[in-house]
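Those protein sequences? They're chains D and P, same order as listed.
Terminal number for the first sequence in the working numbering: 427, no gaps in between.
Terminal number for the second sequence in the working numbering: 676, no gaps in between.
Below is one structure, written out as structure tokens; the observations come after it.
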Amino acid sequence: MANRRDDLDLPPVRRSLPAPSTDEASEILKSSSFFAASEGAAIKQLASLAELVNLPSGDRLFDKGDVGTAMYFVVHGRVQMHNGEVVIGHLGPGAIFGEVAALSQERRSASVTAVSDTVLLKLEQDAIYATLAAQPGAARSLIEALCAREREIIDEKFDRIIETRVLERELEIGQRIQRNFLPETIPVIDGWGLDGLLRPARKVAGDFFDFFLVPDVGRVGIVIGDVCDKGVGAALFMSLFRSLIRSGALHRYAAGGTVGVEDPATLLRRTMRATNQYITSTHPGSSIFASVFFGLLEPRTGEIAYVNAGHEAPVIAGPSGIRVQLEATGPVIGLIENLEHAVGEATLSPGELLFGYTDGATDARNEAGQPFGEERLLEAMCRGATDSSSVLQCLLAALDAFSGRAEQYDDITMICLQRHPDRD
Amino acid sequence: MSNPLRIAVAEEKGNVPVTILHISGDLDSKTYTDLESKAGDLIGRGANNVLLDLGGVTFMGSAGLRAIHGIFKKLSAAGAGGKLKLANPSDAVARIMKTLGFDVIFDIHGTVDEALGSF
């Protein structure tokens, strides 16, 4: 709100000071770029119509969206332009603001609050237009000043666009690097079809999956995990969790393994223990955790030994539907020290598949805000398993059809291991 | 559509003074910091025993559980021997907490009264 002289009768806040002398006001106006090139007569006329406003520290001059008819010159003190809590900038002595609303019918584009005791020189729209009509030279000065300001704004906008592009490029590099933390090629195993996909909600993801051969135990490592939260922070931890698990499984001596033959259950427990221990002891303050399913598949027999650290239960399904769910065998990793996870065992028969997913798939929302849900997901999975050679693509299509134009809410990751039916 | 997160704070003087946060709405990656900072303020101002009433929580993602763990860490860091308890989760929320193993890590009660009695 602009000050009015009749505000003087209202309790304290803002007060118009006694009108400045024309000479004082002229000096202030001449010092600003807006009227610097104006004729002395124009300055004099404006100065005679200007008033001084006292804005004590902490007082709001006007709010964003207010209708305003005055522009201001900072005589001394300091104000901040802000949008709610977000501070856009500060203005000190000599600065001008509010000219757009004063010279047009536009509303205030930002709020202005004094951050120290401030005195402003205020010029009302009527005074400005009356002077411009009477003193054409003043119009030229004003237009030049407005153009200079416009150029400043455009320059700043270009700078921001460039900054945003640089940031985007950084994120794209992050995205490319992160892709290297997913298996570049999926192992080809006789009698099996392995598949995995990850669709991040943002440029980078907190989800991960992995397939790798573990020669020590003659098995295939299968991992799906979800680091809580999303975006860059989760992505950094995703690379850490994924690398620790792969390293623990493949480099046993570095991860506390002992000499001699190691069975799959021991390898699983040791890897999860080492990963959990590393995160909890090295990053204790982060409250970042991951749910992880880590299985070791024996391709000849279909046996799978697994640890499920707080992850949505992967399912084993066959032609007659879901046969078993591989429920959690312990809590998520990364939060509490000294965790020991139990090891579960299951077997995939010929013609069966194992399907794992992250909660981004079940929590995907449609335009009405409803979640896709476990029931729909598993039903679509069973349908895909009978209709299509690519279960995951079929599932993704079902998810997309459900979500419509709703924004993707969370990273979506799915893995599928299909044991081909016996040939005879 | 998503439900906005609301947090109402109440004090109970049972066996020990308990600060209850009645939480409603979606506790997800967009809102979890609100809960964490609200609880952080209360702990900073001396709240020691904290009870989270999850009765109104309509959605809980893993980020919500991150906030709960963050509150737990703040209480531990305050060093006054304070406890964090959870109460009244819906079936869906209880299921998520069980899957993630939070039922092992935290003390979860079926009702607010039961949780209050356990402090």
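Cβ atoms here follow ideal geometry from the backbone N, Cα and C, with glycine treated the same way.
Backbone secondary structure at residue i - three-state DSSP
{"i": "A132(D)", "result": "One point to set straight first is that residue 132(D) is Tyr, not Ala, in the sequence displayed. Y132(D) falls in the helix class under three-state DSSP."}
{"i": "A208(D)", "result": "coil"}
{"i": "R623(P)", "result": "helix"}
{"i": "D69(D)", "result": "coil"}
{"i": "L149(D)", "result": "helix"}
{"i": "R8(D)", "result": "Any answer about R8(D) is weak, because its pLDDT of 40 lies below 50 and its placement is not dependable; what the coordinates show is given next. Reduced to three states, the DSSP call for R8(D) is helix."}
{"i": "F375(D)", "result": "coil"}
{"i": "G140(D)", "result": "helix"}
{"i": "I1(D)", "result": "No answer is possible for residue 1(D): it lies beyond the span of chain D, which begins at 4 and ends at 427."}
{"i": "A331(D)", "result": "coil"}
{"i": "N279(D)", "result": "helix"}
{"i": "I291(D)", "result": "coil"}
{"i": "I325(D)", "result": "strand"}
{"i": "G601(P)", "result": "helix"}
{"i": "H93(D)", "result": "strand"}
{"i": "V16(D)", "result": "Any reading at V16(D) must be qualified, since the residue scores a pLDDT of 47, below 50, and its modelled position is unreliable; the value itself is stated next. It is coil, neither helix nor strand."}
{"i": "V264(D)", "result": "coil"}
C-beta neighbour in chain A for residue i, strict 8 Å
{"i": "K640(P)", "result": "The structure shown contains no chain A; its protein chains are D and P."}
Between the CA atoms of residue j and residue i - distance to the nearest angstrom
{"i": "I653(P)", "j": "V295(D)", "result": "14 Å"}
{"i": "M4(D)", "j": "V70(D)", "result": "Only weak support is given to the placement of M4(D): the predicted model assigns it a pLDDT of 42, under 50, and the question is left unresolved by the model."}
{"i": "G68(D)", "j": "D583(P)", "result": "31 Å"}
{"i": "F100(D)", "j": "L52(D)", "result": "18 Å"}
{"i": "D158(D)", "j": "S35(D)", "result": "21 Å"}
{"i": "D10(D)", "j": "K125(D)", "result": "In this prediction, D10(D) scores a pLDDT of 43, lower than 50, which makes its location untrustworthy; the coordinate-derived value is nonetheless stated afterwards. One C-alpha to the other measures close to 15 Å."}
{"i": "V310(D)", "j": "L270(D)", "result": "10 Å"}
{"i": "I225(D)", "j": "A637(P)", "result": "43 Å"}
{"i": "F616(P)", "j": "I665(P)", "result": "17 Å"}
{"i": "G221(D)", "j": "Y360(D)", "result": "25 Å"}
{"i": "A293(D)", "j": "F211(D)", "result": "10 Å"}
{"i": "H344(D)", "j": "F297(D)", "result": "11 Å"}
{"i": "I662(P)", "j": "L247(D)", "result": "23 Å"}
{"i": "H93(D)", "j": "M84(D)", "result": "6 Å"}
{"i": "G354(D)", "j": "L200(D)", "result": "21 Å"}
{"i": "L599(P)", "j": "E330(D)", "result": "37 Å"}
{"i": "R276(D)", "j": "S284(D)", "result": "12 Å"}
{"i": "V614(P)", "j": "Q181(D)", "result": "34 Å"}
{"i": "T278(D)", "j": "A252(D)", "result": "10 Å"}
{"i": "G140(D)", "j": "V90(D)", "result": "36 Å"}
{"i": "E301(D)", "j": "D266(D)", "result": "12 Å"}
{"i": "D12(D)", "j": "R110(D)", "result": "The pLDDT assigned to D12(D) is 43, lower than 50, so where the model puts this residue is not dependable, and the model offers no usable value."}
{"i": "F215(D)", "j": "D162(D)", "result": "45 Å"}
Beta-ladder partner(s) of residue i, from DSSP
{"i": "P574(P)", "result": "K570(P)"}
{"i": "D664(P)", "result": "K642(P)"}
{"i": "K125(D)", "result": "E54(D), Y75(D)"}
{"i": "A117(D)", "result": "V82(D)"}
{"i": "S581(P)", "result": "R563(P), G613(P)"}
{"i": "I418(D)", "result": "G199(D), G359(D)"}
{"i": "F215(D)", "result": "G224(D)"}
{"i": "D229(D)", "result": "D210(D), S294(D)"}
{"i": "N606(P)", "result": "V575(P)"}
{"i": "V318(D)", "result": "Q328(D), F358(D)"}
{"i": "L270(D)", "result": "According to DSSP, L270(D) bridges with nothing at all."}
{"i": "L300(D)", "result": "V223(D), I307(D)"}
Reference residue i; option with closest CA among the options
{"i": "V327(D)", "options": "G337(D), G251(D), F358(D)", "result": "F358(D)"}
{"i": "V77(D)", "options": "A371(D), L247(D), L32(D), D66(D)", "result": "L32(D)"}
{"i": "F240(D)", "options": "V223(D), R255(D), Y281(D)", "result": "Y281(D)"}
{"i": "P646(P)", "options": "V573(P), V566(P), A567(P), H579(P)", "result": "H579(P)"}
{"i": "S119(D)", "options": "S60(D), E171(D), I164(D), L64(D)", "result": "S60(D)"}
{"i": "R152(D)", "options": "V346(D), V191(D), A98(D)", "result": "A98(D)"}
{"i": "A409(D)", "options": "D366(D), V394(D), A383(D), E382(D)", "result": "D366(D)"}
{"i": "L657(P)", "options": "C385(D), D362(D), D425(D)", "result": "D362(D)"}
{"i": "A604(P)", "options": "G612(P), V573(P), D610(P), E671(P)", "result": "V573(P)"}
{"i": "E382(D)", "options": "Y412(D), T332(D), A320(D), I339(D)", "result": "A320(D)"}
{"i": "V650(P)", "options": "E569(P), E593(P), D585(P)", "result": "D585(P)"}
{"i": "A73(D)", "options": "G177(D), A316(D), E127(D)", "result": "E127(D)"}
{"i": "G87(D)", "options": "R63(D), A50(D), V318(D)", "result": "R63(D)"}
{"i": "A208(D)", "options": "V223(D), L243(D), P190(D)", "result": "L243(D)"}
Within 8 Å, strictly: CB atoms of residue i and residue j
{"i": "R623(P)", "j": "C231(D)", "result": "yes"}
{"i": "L430(D)", "j": "G387(D)", "result": "Shown here, chain D extends from 4 to 427; a query on residue 430(D) therefore has no answer."}
{"i": "A45(D)", "j": "T134(D)", "result": "yes"}
{"i": "T350(D)", "j": "G305(D)", "result": "yes"}
{"i": "W195(D)", "j": "Q421(D)", "result": "yes"}
{"i": "L402(D)", "j": "I415(D)", "result": "yes"}
{"i": "P287(D)", "j": "G313(D)", "result": "no"}
{"i": "V115(D)", "j": "G80(D)", "result": "no"}
{"i": "N606(P)", "j": "K630(P)", "result": "no"}
{"i": "S41(D)", "j": "S107(D)", "result": "no"}
Any non-hydrogen atom of the ligand ZN within 7 Å of residue i CB
{"i": "D26(D)", "result": "The ligand ZN is absent from the structure shown, which contains no ligands of any kind."}
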